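Below, the structure is given as structure tokens:
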């Protein structure tokens, strides 16, 4: 009698040549709903990703990330082990309840005119050149200035915020240990920023995002100064790279699907669908990690306590079993993607990201015709959190 | 008393509502949402929170 694990494919996810969008991965997915890897299990198909993402048998699992990299103390470590993503149970739920109101979709909607003005301003600066470096000239300033708008700090602060967010981001990558001093310095600077903002809103509360966090009150329970500060760092850290990278990947998707770009140019009402379809087929977060809290069996596969389970979002989003036509299609109906994760740890800022990207993409489509690669593009590895580092594009200015 | 409804075709069982308004929403042992269709007026703030946070906006206040 053969056991399931004998038949499952094997993927080395630490190999530098490992790629999410590859024949090897598609073949593995066709063979099996999961693959064994050098570091836990990878879940490849939509239905299984959907179920496991919300399973109470799995926790988020990356609380030990700094320790796994030999980092046991310091500002980043102390912030990380208390940040919302790694908390579980009531500790998690309490913070989530207090942060939720500030991220309400109804409040985010009011910021849409500012997102549009921002997008137009950025496009105005390069539209007559017929070319731009899309990351530097659009995606990065757009993603960062959206955060400054949300935080109510001057948009002119954006280069500093972008630099700090990117530096802290090194802590989640392969150079964490080498870059530790830089990361620590960036966290310290972000803390100073956050503390100033908090003090200001405590003294002069308004209707803005930070004020809402400061005033958040659930049956008398409030966020402490430390919890407020940690939340602001999380917003900056979690909201910049992701949106920047996702916009770059969106441009890549539309360069590959020019008829969809033309459709979007005449149908700005499809902005929301465009975001969903890009994130389904070309997400920046290509996998979401979980850890088993107990031994359990899922679809005849025994999963031991402590097993790392990688939920592959790009693979699930293009799974032919869930999407008979896996290609991006703004006019089609599709099951929801998991580019924002899911379950209790579902991205807290997703309404912000959805709103700002839904404005940016149709606006870009309306103003730039025929975007194409101009050469010299550089990319993060097609694994983990991916996206372009440099994306020179050419286009024709529309009348 | 007020009434809510959940569009099950949209509901993806994330469980955010169960965090925001645990007196009205809960996830069962299979990870599927169970909820009280009617609730006391005093729970309205919590329920509105749940309506807001649902990632797929599947919850509706009926009256």
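Chains as they are written, first to last, in my numbering: chain V, 599 to 997; chain L, 5 to 67. Beta carbons are placed, not taken as given, at the ideal position from N, Cα and C, and that holds for glycine. Being a predicted model, the structure only gives us computed values, none of them experimental.
Residue-chain proximity (residue i, chain V), Cβ-Cβ < 7 Å
| i | result |
| --- | --- |
| residue 17 of chain L | yes |
| residue 56 of chain L | yes |
| residue 63 of chain L | no |
Straight-line gap, residue i to residue j (C-alpha atoms, nearest Å)
| i | j | result |
| --- | --- | --- |
| residue 702 of chain V | residue 56 of chain L | 6 Å |
| residue 930 of chain V | residue 915 of chain V | 14 Å |
| residue 971 of chain V | residue 834 of chain V | 30 Å |
| residue 603 of chain V | residue 634 of chain V | Interpretation of residue 603 of chain V is limited by its pLDDT of 49, a score under 50 that renders its predicted location unreliable; the figure taken from the coordinates is listed afterwards. Roughly 8 Å between the two C-alpha positions. |
| residue 7 of chain L | residue 608 of chain V | 50 Å |
| residue 65 of chain L | residue 605 of chain V | 49 Å |
| residue 870 of chain V | residue 953 of chain V | 8 Å |
| residue 847 of chain V | residue 920 of chain V | 22 Å |
| residue 661 of chain V | residue 682 of chain V | 10 Å |
| residue 716 of chain V | residue 828 of chain V | 27 Å |
| residue 59 of chain L | residue 901 of chain V | 28 Å |
| residue 600 of chain V | residue 630 of chain V | Unreliable positioning characterises residue 600 of chain V in this predicted model, as indicated by a pLDDT of 43, which lies under 50. The coordinate reading is nonetheless provided below. If I take the Cα positions, the gap works out to 15 Å. |
| residue 909 of chain V | residue 941 of chain V | 13 Å |
| residue 720 of chain V | residue 47 of chain L | 45 Å |
For residue i, three-class secondary structure by DSSP
| i | result |
| --- | --- |
| residue 611 of chain V | coil |
| residue 654 of chain V | coil |
| residue 808 of chain V | helix |
| residue 599 of chain V | Residue placement at residue 599 of chain V cannot be trusted, given a pLDDT of 45 that sits under 50; what the coordinates show is reported in the next sentence. Note: residue 599 of chain V maps to coil in three-state DSSP. |
| residue 791 of chain V | helix |
| residue 936 of chain V | coil |
| residue 902 of chain V | coil |
| residue 670 of chain V | coil |
| residue 67 of chain L | coil |
| residue 819 of chain V | strand |
| residue 852 of chain V | helix |
| residue 886 of chain V | strand |
| residue 983 of chain V | strand |
| residue 37 of chain L | strand |
| residue 753 of chain V | helix |
| residue 926 of chain V | coil |
| residue 26 of chain L | coil |
Test: residue i CB closer than 7 Å to a CB of chain L
| i | result |
| --- | --- |
| residue 815 of chain V | no |
| residue 691 of chain V | yes |
| residue 702 of chain V | yes |
| residue 941 of chain V | yes |
| residue 944 of chain V | yes |
| residue 600 of chain V | In this predicted model, residue 600 of chain V has a pLDDT of only 43, less than 50, meaning its place in the structure is not dependable enough to derive any value. |
| residue 603 of chain V | Reliability of the predicted coordinates at residue 603 of chain V is poor, the pLDDT of 49 falling under 50, and the value obtained from them is presented with this limitation in mind. Closer than 7 Å: no. |
| residue 1065 of chain V | For residue 1065 of chain V there is no data in the structure shown, the boundaries of chain V being 599 and 997. |
| residue 652 of chain V | yes |
| residue 934 of chain V | yes |
Residue nearest to residue i in terms of C-alpha spacing, selected from the options
| i | options | result |
| --- | --- | --- |
| residue 927 of chain V | V/849, V/654, V/875, V/847 | V/875 |
| residue 805 of chain V | V/755, V/605, V/709 | V/709 |
| residue 980 of chain V | V/612, V/605, V/606, V/608 | V/612 |
| residue 707 of chain V | V/948, V/967, V/966 | V/948 |
| residue 28 of chain L | L/12, L/52, L/13, L/34 | L/52 |
| residue 991 of chain V | V/854, V/754, V/838 | V/854 |
| residue 861 of chain V | V/964, V/631, V/743 | V/964 |
| residue 925 of chain V | V/619, V/836, V/760, V/808 | V/619 |
| residue 624 of chain V | V/757, V/727, V/811, V/912 | V/912 |
| residue 652 of chain V | V/945, V/974, V/975, V/950 | V/945 |
| residue 659 of chain V | V/687, V/645, V/648 | V/687 |
Task: contact_flag[the stretch 626-641 of chain V, the stretch 931-938 of chain V] where n(CB pairs < 8 Å) is 3 or more - done: No, the stretch 626-641 of chain V does not touch the stretch 931-938 of chain V.
Open item on the list: Whether or not the stretch 851-866 of chain V and the stretch 954-962 of chain V are in contact is what I'm after, with contact meaning three or more pairs of Cβ atoms, one per stretch, closer than 8 Å; do they touch?
Closed with: Below 8 Å, enough C-beta pairs join the stretch 954-962 of chain V and the stretch 851-866 of chain V to call them touching: three or more.
Open item on the list: So, does the stretch 666-678 of chain V touch the stretch 776-786 of chain V, judging by three or more C-beta pairs under 8 Å?
Closed with: Touching, yes.
Task: Contact the stretch 711-720 of chain V vs the stretch 805-819 of chain V: 3+ CB pairs below 8 Å - done: Touching, no, given that fewer than three Cβ pairs across the two stretches are closer than 8 Å.
TODO: With 9 Å as the limit, tell me which residues of the stretch 17-36 of chain L have their beta carbon closer than that to any beta carbon of chain C; keep them in chain order.
DONE: As a matter of chain content, chain C is missing from the structure shown, whose protein chains are V and L.
Open item on the list: Check whether the stretch 981-991 of chain V and the stretch 739-748 of chain V are in contact - that is, three or more C-beta pairs closer than 8 Å.
Closed with: Contact between the stretch 981-991 of chain V and the stretch 739-748 of chain V is not established, with fewer than three Cβ pairs separated by less than 8 Å.
TODO: Mind the definition here: the stretch 791-805 of chain V touches the stretch 717-729 of chain V only if three or more C-beta pairs lie below 8 Å; say whether that holds.
DONE: Contact between the stretch 791-805 of chain V and the stretch 717-729 of chain V is not established, with fewer than three Cβ pairs separated by less than 8 Å.
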